[in-house]
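Trainee:
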Amino acid sequence: MKKLVFILFIPLFTLGQSKDGFLIKGTFSGLKDSTTVFLMNPNDGKTVATDMAKNGTFTLRGNLADPSLLQLGFGGHQEGLELFIQNDVVTITGDADKIMETKIKGSVLQEDFIAFRQQIVVPYIDKLRPLGAAIKVETDTRKKDSLVNEYNAYRIKALDATSTFTRNKPFSPVSSLVLAVMMPGMESVTDLENRYNQLQAAAKKGYYARAIEKAISDTKAAQAQAQAQAQAVQVGQIGTQAIDFTQKDVDGKAITLSSFRGKYVLVDFWASWCRPCRMENPNVVNAYNQYKNKNFTVLGVSLDQVKPNWVQAIQADNLTWTHVSDLQYWNNAVAQLYHIGSIPANILIDPNGKIIGRDLRGEDLNRKLNELLK
696 MKKLVFILFI PLFTLGQSKD GFLIKGTFSG LKDSTTVFLM NPNDGKTVAT DMAKNGTFTL
756 RGNLADPSLL QLGFGGHQEG LELFIQNDVV TITGDADKIM ETKIKGSVLQ EDFIAFRQQI
816 VVPYIDKLRP LGAAIKVETD TRKKDSLVNE YNAYRIKALD ATSTFTRNKP FSPVSSLVLA
876 VMMPGMESVT DLENRYNQLQ AAAKKGYYAR AIEKAISDTK AAQAQAQAQA QAVQVGQIGT
936 QAIDFTQKDV DGKAITLSSF RGKYVLVDFW ASWCRPCRME NPNVVNAYNQ YKNKNFTVLG
996 VSLDQVKPNW VQAIQADNLT WTHVSDLQYW NNAVAQLYHI GSIPANILID PNGKIIGRDL
1056 RGEDLNRKLN ELLK
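Structure representation (structure tokens):
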């Protein structure tokens, strides 16, 4: 069956700008005196403004920090109205028994919102919702594939309509709402970001704009983290390129791994306090002496903390190759970089900087070097 990511559309009244505040004047026939009229922000459930109806009229005042999609409700009535406004002067006329036929004037954003419903919600989203629900419960593979095909056809049409809407209304915050609603149906966060970047600054205000920006930011952060984790898993693995590093030698001179490019290099992790390391050192010395004239060398990375102990161990064990350390014990930066969790440990790198061996000790090290340098 074809793969499908279901669109879980955001409720159409989930959002939340200007100077003098908003003023909503309403006149409704059939609206009983003392009926509570309230304007609510569905995002936080807070009431933005309230009034008591008198002679079929009401007045709502307030100030919006952002262009907002709000819900206008009436006490005793289940139906409500969605108003997309900023700090506008809005007039509302209607019938309390036919709330959905209410006429709203004074808000350009409300007109844009109505256009959104007419051009995208009714013809496409209202069809996608039941299709998505049907797909989830359908068990017959052929029927499910058919529903998926129908679903994707509507999804593509909805995205095309979204492109037309946002292109025609690049300054409208409603365009941010449209992108937020259609966001789950887009192919990728890159698609969302490209569409959002085509909007003008005036459209990038309010709850939905912030939701889009957060979705983009969160997705990019998650992708970067996943990429970093994937890279971390690969660091130091055979077949990968060795990551360059620089640390100071016993004389305080900065030594860089890449300065050994062109040679086979055994990066040897050890410490003066590590008994197994000291027991392995004679094997490394033998390998070094046997192959040092055949394009091979060793770069010791010490997890020591006390410099005199480090230097003394180098001399005592006759380790005549280059040595580096930051004297940070297990927090040694190179050990951290290569995820070294125990020592002795080593990494064998070829002349092109590619890792070709790990943790080669005793005869294994000699055998590998003989294979490469005989």
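In terms of my numbering, the sequence shown is numbered consecutively and its last residue is 1069. C-beta atoms are modelled at their ideal positions from N, C-alpha and C, and glycine is treated no differently.
Is D999 closer than 8 Å to A1030 when the C-beta atoms are compared?
Mentor: Residue numbering aside, residue 1030 sits at position 335 when the sequence shown is read from its first letter. Residue numbering aside, residue 999 sits at position 304 when the sequence shown is read from its first letter. Cβ atoms of A1030 and D999: not closer than 8 Å.
Trainee: Report the partner residues of T637 according to the DSSP bridge assignment.
Mentor: Past the boundaries of the shown model lies residue 637; the chain is included only from 696 to 1069, so the question cannot be answered.
Trainee: Assuming the contact rule is C-beta atoms closer than 8 Å, G757 and F717 should be a hit. Round their C-beta distance to whole Å, please.
Mentor: Here residue 757 refers to the residue found at position 62 of the sequence shown. Here residue 717 refers to the residue found at position 22 of the sequence shown. That belief holds up - the Cβ atoms of G757 and F717 are roughly 6 Å apart, short of 8 Å.
Trainee: Taking Cβ positions, are N978 and L1060 nearer each other than 8 Å?
Mentor: In the sequence shown, counting from the first residue as 1, residue 978 sits at position 283. In the sequence shown, counting from the first residue as 1, residue 1060 sits at position 365. For N978 and L1060, yes; Cβs fall inside 8 Å.
Trainee: If you check the beta carbons only, do G775 and T730 fall under 8 Å apart?
Mentor: For the purposes of this step, residue 775 is taken as residue 80 along the sequence shown, with counting starting at 1. For the purposes of this step, residue 730 is taken as residue 35 along the sequence shown, with counting starting at 1. No, these two residues do not count as a Cβ contact at 8 Å.
Trainee: Which one of T1015, V930, L734 and F964 has the shortest CA to CA distance from P1039?
Mentor: One-based indexing of the sequence shown puts residue 1039 at position 344. Measuring from the Cα of P1039, the nearest candidate turns out to be F964.
Trainee: Whole angstroms is fine: what's the gap from T1017's alpha carbon to N889's?
Mentor: The count along the sequence shown starts at 1 and reaches residue 1017 at position 322. The count along the sequence shown starts at 1 and reaches residue 889 at position 194. Their backbone Cα atoms lie some 51 Å apart in a straight line.
Trainee: Determine the extent of the alpha helix (DSSP H) in which N1005 is found, giving its start and end residues.
Mentor: Within the sequence shown, numbered from 1, the residue matching residue 1005 stands at position 310. Checking the sequence, you will find Trp at residue 1005 rather than Asn. From DSSP, the alpha helix (DSSP H) with W1005 extends over K1002 to A1011.
Trainee: Within 10 angstroms of its Cβ, does D807 collect 16 or more other Cβ (buried), or is it exposed?
Mentor: Translated into positions along the sequence shown, residue 807 becomes position 112. Buried, because 16 or more other Cβ atoms sit within 10 Å of the Cβ of D807.
Trainee: Quick one, are the C-beta atoms of Q781 and L804 less than 8 Å apart?
Mentor: Here residue 781 corresponds to residue number 86 of the sequence shown, with the count starting at 1. Here residue 804 corresponds to residue number 109 of the sequence shown, with the count starting at 1. Their beta carbons are under 8 Å apart, which means Q781 touches L804 by this criterion.
Trainee: Just tell me which of R824, G740 and I794 has its CA closest to the CA of T722.
Mentor: Within the sequence shown, numbered from 1, the residue matching residue 722 stands at position 27. Ranking R824, G740 and I794 by Cα distance to T722 puts I794 first.
Trainee: Output the boundary residues of the alpha helix (DSSP H) element that contains V832.
Mentor: Numbered from its first residue, the sequence shown carries residue 832 at position 137. Residues D821 to V832.
Trainee: With DSSP collapsed to three states, give me the class of T836.
Mentor: Translated into positions along the sequence shown, residue 836 becomes position 141. If DSSP states are grouped into helix, strand and coil, T836 belongs with the helices.
Trainee: When you measure from the CB of D840 to every non-hydrogen atom of the ligand ADP, does any distance come out below 7 Å?
Mentor: Because no ligand of any kind appears in the structure shown, any question about the ligand ADP cannot be addressed here.
Trainee: Secondary structure at F779, three-state DSSP: helix, strand or coil?
Mentor: Taking the first residue of the sequence shown as position 1, residue 779 is located at position 84. Strand, per DSSP.
Trainee: Alpha carbon to alpha carbon, how far is K852 from I702? Give it in angstroms, no decimals.
Mentor: Here the question's residue 702 lines up with position 7 in the sequence shown. Here the question's residue 852 lines up with position 157 in the sequence shown. Because the pLDDT at I702 is just 38, under 50, the model does not fix this residue reliably, and the point stays unresolved.
Trainee: Does the separation of the CB atoms of G901 and D761 fall below 8 Å?
Mentor: Numbered from 1 along the sequence shown, position 206 holds the residue referred to as residue 901. Numbered from 1 along the sequence shown, position 66 holds the residue referred to as residue 761. Contact flag set, yes.
Trainee: In the DSSP output, which residue or residues are listed as bridge partners for Q813?
Mentor: As a working mapping, residue 813 is identified with position 118 in the sequence shown. Q813 pairs with nothing; no bridge assigned.
Trainee: Quickly, what does DSSP pair N736 with across the bridge? List them, please.
Mentor: Here the question's residue 736 lines up with position 41 in the sequence shown. Bridge partners of N736: K741.
Trainee: In terms of DSSP beta bridges, what is G1017 paired with?
Mentor: Looking up residue 1017 in the sequence shown gives position 322. First, the residue type needs correcting, since residue 1017 is Thr and not Gly in the sequence shown. Partner(s): L994.
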